[in-house]
Amino acid sequence: MNRFIKKISALVITIFLVSCGGSVMKCNDPEVTDLVSEIAIDIYNQENDQIFVQGACNAFTNSMLALQGVDCSALQGSFVSQVLFPDSVIVSAVRTTSTTESGIQNCAANIEFVFNERDMAGLIKNYYSKASASNELKASMTESMTTAMAAFTPTTETTSGVYDVQLTDDGDNFYVNLELAEVPQL
4 MNRFIKKISA LVITIFLVSC GGSVMKCNDP EVTDLVSEIA IDIYNQENDQ IFVQGACNAF
64 TNSMLALQGV DCSALQGSFV SQVLFPDSVI VSAVRTTSTT ESGIQNCAAN IEFVFNERDM
124 AGLIKNYYSK ASASNELKAS MTESMTTAMA AFTPTTETTS GVYDVQLTDD GDNFYVNLEL
184 AEVPQL
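In this text, residue positions in the sequence shown follow our numbering: the first is 4, and each later residue adds one.
Here it is in structure tokens:
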């Protein structure tokens with residue numbers, strides 16, 4: 004499969020979450036690092052789903068599937084997030100790089116994506132069983148992708164990230180903005 008390789012210089016997602024109080028959220032607060040982990044998984048899934056579609060849905064494949072009434076982007080659109088997803092993200096080596104007068108903590112950390120052992124054949128079969136396509140096409144896609152993914156082994160991929168955390172004015176919620184230096188690709 005032709006893979007489109009793309010490095011991320013900055014990808015920002017803001018998430019809103021209820022906090023446990025306090026006047027300043029710190030870079031290494033468990034609520035903050037848990038949210039950083041969740042955001043990192045979302046970034047990984049979104050970026051890699053797009054890259055997978057770009058590689059899998061070339062002009063020839065698009066044409067062949069269109070003849071069968073199948074949209075390749077819809078067929079392959081969430082393959083990575085459903086089959087090759089990270090099982091967890093570990094945020095480590097957390098550092099506070101600066102603090103503003105308004106209480107915004109600027110942070111840096113190592114972001115480790117963990118991919119555990121999985122029933123690859125079962126995940127692929129389940130993924131394509133839900134597709135809006137003929138049974139023949141589903142069987143063909145299941146067989147070819149199971150063969151292609153047979154070499155999958157548990158692994159970890161590490162990158163770095165920077166984020167900031169700040170409380171809302173009422174002190175009841177906080178925001179985290181995460182930028183990954185690079186989004187890992189399997």
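We treat Cβ as the ideally placed atom computed from N, Cα and C, and that holds for glycine.
Q | When 149, 108, 119, 178 are compared against residue 126, the one with the closest alpha-carbon | A | Ranking the options by Cα distance to residue 126, first place goes to 149.
Q: State the Cα-Cα distance for the pair residue 61 and residue 68, rounded to the nearest angstrom.
A: When rounded, the separation of the alpha-carbon atoms in residue 61 and residue 68 is 11 Å.
Q) From the DSSP output, which residues share a beta bridge with residue 169? A) For residue 169, which the question treats as bridged, DSSP gives the partners 178.
(Q) Taking only three categories from DSSP, how would you classify residue 36? (A) Reduced to three states, the DSSP call for residue 36 is helix.
Q) Given residue 50, which residues of its chain have a CB within under 6 Å of its CB, disregarding the five upstream and five downstream residues? A) Within the same chain, 186 come within 6 Å of residue 50 by CB-CB distance, once the 5 residues on both sides are set aside.
Q.
Please classify residue 89 as buried or exposed, where buried requires at least 16 other C-beta atoms within 10 Å of its C-beta.
A. Residue 89 is buried by the Cβ-count criterion.
Q) Measuring CB to CB, does residue 39 end up less than 7 Å from residue 28? A) It is not a contact, given that the beta carbons lie outside the stated cut-off.
(Q) Quick check on residue 63: buried or exposed, where buried means 16 or more other Cβ atoms within 10 Å of its Cβ? (A) Residue 63 is classed as exposed because its beta carbon has fewer than 16 other beta carbons within 10 Å across all chains shown.
Q.
Taking its Cβ as the centre, do 16 or more other Cβ atoms sit within 10 Å of residue 72, making it buried, or is it exposed?
A. Exposed is the call here.
Q) Across which residues does DSSP place residue 93 in a beta bridge pair? A) Beta-bridge pairing links residue 93 to 115.
Q.
Could you check whether residue 168 and residue 177 sit closer than 7 Å to each other, using their CB atoms as the reference points?
A. With contacts defined by Cβ atoms closer than 7 Å, residue 177 and residue 168 form a contacting pair.
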